[in-house]
Amino acid sequence: MNRRKERIDRGVKARSADIFALTSYREMLYLMIPGAIPVVGLLCFAPMLSSYWREVIISTAIYALLAMSWDMLMCAGLLSLGQSLFFGIGSYLAGSLNYYGGLPPVLTLPIATIGGGLLCTVLLLPVLRLRGIYFAMVTLVVPLMLARLVEATRILGGTEGLTGLTPFPNQLTALFIIQLALLATLFGFRRIMGSDYGLVIKGISDNDRSVMSAGLNIYWYKAQVLFLGASVGCFAGAFGTHMDMFAGMPGFALDYSIMPVAAAVVGGTGTFAGPLIGAFILVPMSEMLRALGALRMVFYGLFLVIFVVGMPEGIFAFIQRKYQQMERWVDVS
Amino acid sequence: MLLGTLIYGFVNSAILALLAMGFNLTFGISGVANFAYGAVYIFSGFSVWILLNTLGIPYLVAVLIAILLAALMGLAIYYGVILRIKGMPLSEVMATFGLGLAIMELFRYFNFVGFRYTLPVFFDGSFSIGDVYIDYQRMIIGLIAVGLTLCLYLFANHTRTGLAFRAIAQDERTALTFGIDADLVGALSMALGCALAAIAAVVILPLGTIAVEGGYEVLINALAVCIVGGLGSTVGILVASVLIGYSQTFTANYLEPHWMMLVSLIAIAIVLVVKPSGLFSHQKELEERI
């Protein structure tokens, strides 16, 4: 073993990090192609699929939104094991607005997104004062307890749920709505994390006390991040509700909690593109493995463990490295 | 009515304390939040059932084997998974959570669902205190909870291993300079925590059926008690289980059984607002709170 792997940035990567990027098509393309892949893939190719696979893309996109919302919270060091809280709140909010108030999806989607985000933020505000695993514990407990609350008090339809909600006019409309939301979230979150604001948020997860001693109120920042993440999760819930024409206790189920975490970890945390890739690997795969039934959850669990232990950087970092760097073996004897 | 509520409240508190003890022990010593705790719990339940009904091993032996298996599982989880990501609490949580999920859903896949999955009670029958009837199993739960608490107290204060455990919990670096192997202590604490989960399973499961959902419920109950009591504090766990246990029983008897589930949620909410790091977590308050 007298060799080691050396990684060097490609010339085009080094050049396009600078102002030169604007002077050559080659470099502009190099910078733009990775961003163009999801846009072209989703907006142009997804509508060409069969009706069944469009349905799969829609449910994949719902999970991808939840995974990106999870990733946003993770950027501030908040590990959420209860993405179903956001999904459930968004779904019940949109569902009840539509069921009791008769509002169309055009109104319920934005109201559930913003209102649900605020509601979840207020609900979890007390936990933000603690660090580490407390947030994980509370987010795991709360959605399951809320499901019990619905069951016990029989509010909002109880165990039956709210049925017969307004669906989207047609499948293509739904597809475009969720895809635009997905792309907006992906690029929006990446933009936020690339800015100075994102630097503060990363600082909170790396060393919260030093951020505090810089005179920044970390609770305020954490609450903002929570609002961003929760809003995206609630949008996914509201969208899913109108898609299924149903809002009920399954919204708080563990599937919506574990799947986003698995997707984000498999794809690579902190990048937002990673959770997207992870969701687009795991959800269609689980669709193909439908025959296995409960074994699918076992696979998600194992994927989670294997990637957390064996490949914590995730698939996206691997792809990124291949795209940006040359690798070669060098002799070090 | 009141006497009955008091007695059954005590049993309920004992159940909660038994459930939370193992989780709390592992976290208190090695700082590992074992989210596979519920999975270990139902794993022990099912392994006793299999040993008893499929292999026909005597009850007592089956119980001992199951507890041993749970401890071995704890060791395996520690050396196989946790040791590789030690020091990254969030990764530990995700890995153990995924592992627990995989184990529990595996039982569901192999069709371990139904009313036939029950464990026999230790002694059949019941007796009465005043005009309240209580079966022997519930009394045994109370006795074992009290006994285990005493044993753990003695273990932590009067044995070398127990003192080593406490040393690691208090200050890992100083403990290292005294020649205490932090990895070994971590593994042992994990094994002990899982064994406690197995004991809880063996004692509590005869009251109902063994169900996969029970695993999630156990994890949630353990987490609720730990959040209210303060992670890593044994006194906190006892106080929190008495608080939650009695308020659950009172709610069930005087209001409506449906509301019982909400008690722990409300308790968590109140504690997080009033004293975020839990009722009795003096030692780690500064680290957990920011």
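Protein chains in written order, with the working numbering: chain A, -5 to 327; chain B, 22 to 311.
All residues carry an ideal CB built from backbone N, CA and C; glycine is no exception.
This one's a predicted model, so the numbers in the text were calculated from it and none came from an experiment.
DSSP three-state label for residue i, please.
i                : result
T26 of chain B   : helix
L307 of chain B  : Residue placement at L307 of chain B is flagged as unreliable, the pLDDT there being 48, under the threshold of 50; the coordinate-derived value follows with that caveat. The answer is helix: DSSP assigns L307 of chain B an H, G or I state.
I2 of chain A    : strand
N(-4) of chain A : coil
W147 of chain B  : It is Ser, not Trp, that sits at residue 147 of chain B in the sequence shown. Looking at S147 of chain B - three-state DSSP - the assignment turns out to be strand.
A141 of chain A  : helix
A61 of chain A   : helix
F131 of chain B  : coil
L156 of chain A  : strand
A241 of chain A  : strand
L124 of chain A  : strand
P297 of chain B  : coil
T180 of chain B  : coil
T265 of chain A  : coil
E307 of chain A  : coil
Could you work out which residues of chain B lie near residue i, taking near to mean beta carbons separated by less than 8 Å?
i               : result
L138 of chain A : Y237, I241
P120 of chain A : A290, L293, V294, P297
P306 of chain A : I106, S112
R284 of chain A : Here the premise fails: no neighbours, minimum Cβ distance about 14 Å.
G151 of chain A : Neighbours of G151 of chain A on chain B: none; closest Cβ ~16 Å, over 8 Å.
Kindly list, in the order they appear in chain B, the residues whose Cβ is closer than 9 Å to that of residue i.
i               : result
L75 of chain A  : F56, V114, M115, F118
G287 of chain A : R129, Y130
A146 of chain A : E277, P278, H279, W280, M281, M282, L283
V116 of chain A : Ordered by position in chain B, no residue passes the 9 Å Cβ test against V116 of chain A, which lies about 12 Å from the chain.
Mind listing the chain A neighbours of residue i? Cutoff is C-beta to C-beta under 9 Å, in chain order.
i               : result
S318 of chain B : Because chain B in this structure spans residues 22 to 311, residue 318 of chain B falls outside the shown range and cannot be described.
So which residues of chain B does residue i contact, with C-beta pairs closer than 7 Å?
i               : result
I127 of chain A : A54, P110, V114
A208 of chain A : None at all; the shortest Cβ gap to chain B is about 14 Å.
M131 of chain A : L244, I248
M291 of chain A : L122, E126
G295 of chain A : G119, L120, L122, A123, E126
For residue i, report the span of its beta strand (DSSP E) as first-last.
i               : result
D325 of chain A : 319 to 325
Y154 of chain B : 153 to 156
S268 of chain B : Premise fails: S268 of chain B lies in the alpha helix (DSSP H), 255 to 271, not in any beta strand (DSSP E).
Among residues of its own chain, excluding the 5 on either side of residue i, which ones have a beta-carbon nearer than 6 Å to its beta-carbon?
i               : result
Y237 of chain B : G59
E0 of chain A   : R322, V324
F48 of chain B  : A54, L252, G253
L36 of chain A  : Q173
G268 of chain A : G261, G262, G308, F310
T157 of chain A : F240
Apart from the five residues on each side of it in sequence, which residues of its chain come closer than 7 Å, Cβ to Cβ, to residue i?
i               : result
F266 of chain A : M62, D65, L180, F183, R184
S68 of chain B  : A87, L90
A230 of chain A : I56, L59, L60, F81, G84
F31 of chain B  : G163
L159 of chain A : G89, N92, Y93, T235, H236, M239, F240, A241
Y62 of chain B  : A218, A221, A222, G236, V239
I289 of chain B : A245, I248, V249
In chain order, what residues of the same chain have a beta carbon less than 8 Å from the beta carbon of residue i, not counting five sequence neighbours either side?
i               : result
G146 of chain B : D156, Y157
E126 of chain B : V233
L259 of chain B : A38, T170, G250
N8 of chain B   : In this structure chain B extends from 22 to 311, so residue 8 of chain B is not present and cannot be described.
D202 of chain A : G71, R125, I212
F162 of chain A : P99, A168, I171, H236, M237
A217 of chain A : T115, L119, L122
L91 of chain A  : L97, L101, T102, I105, A106
Using the beta-carbon of each residue, which ones in chain A are nearer than 7 Å to residue i?
i               : result
V102 of chain B : V299, V303
Quick check on the DSSP output: the alpha helix (DSSP H) that includes residue i runs from which residue to which?
i               : result
A87 of chain B  : 80 to 101
E277 of chain B : Looking at the DSSP string, E277 of chain B is not in any alpha helix (DSSP H), and its letter there is neither H nor E.
V100 of chain A : 99 to 118
D192 of chain B : Counting along the chain, D192 of chain B falls outside any alpha helix (DSSP H), and DSSP gives it neither H nor E.
V26 of chain A  : Position check: residue 26 of chain A holds Met in this sequence, whereas Val was assumed. 19 to 34 is the extent of the alpha helix (DSSP H) around M26 of chain A.
I241 of chain B : 233 to 250
Y86 of chain A  : 77 to 94
K196 of chain A : 190 to 200
The ligand ADP and residue i: does the residue's C-beta get closer than 7 Å to at least one heavy atom of that ligand?
i               : result
T270 of chain B : Questions concerning the ligand ADP fall outside what the structure shown contains, since it holds no ligand whatsoever.
task = Name, going along the chain, the residues of the region 237 to 252 of chain A whose beta-carbon falls closer than 8 Å to a beta-carbon of chain B.
result = L248, I252
query = At a Cβ cut of 8 Å, what residues of the region 278 to 307 of chain B count as close to chain A, listed as they run along the chain?
reply = H279, W280, M282, L283, S285, L286, I289, A290, L293, V294, P297, S298
task = Residues of the region 190 to 208 of chain B with a CB closer than 9 Å to any CB of chain A: list them in chain order, please.
result = none
key: chain B contacts made by the region 164 to 192 of chain A, where a contact means CB separation under 9 Å   = none
message = Output needed in chain order: residues of the region 79 to 108 of chain A with a Cβ under 8 Å from some Cβ in chain B.
response = none
Residues, ordered as in the chain, of the region 252 to 267 of chain A that lie near chain B by beta-carbon distance below 8 Å = I252, V255, A256, V259
inquiry  = Can you pull out the residues from the region 39 to 69 of chain A whose beta carbon lies closer than 7 Å to at least one beta carbon of chain B?
reply    = none
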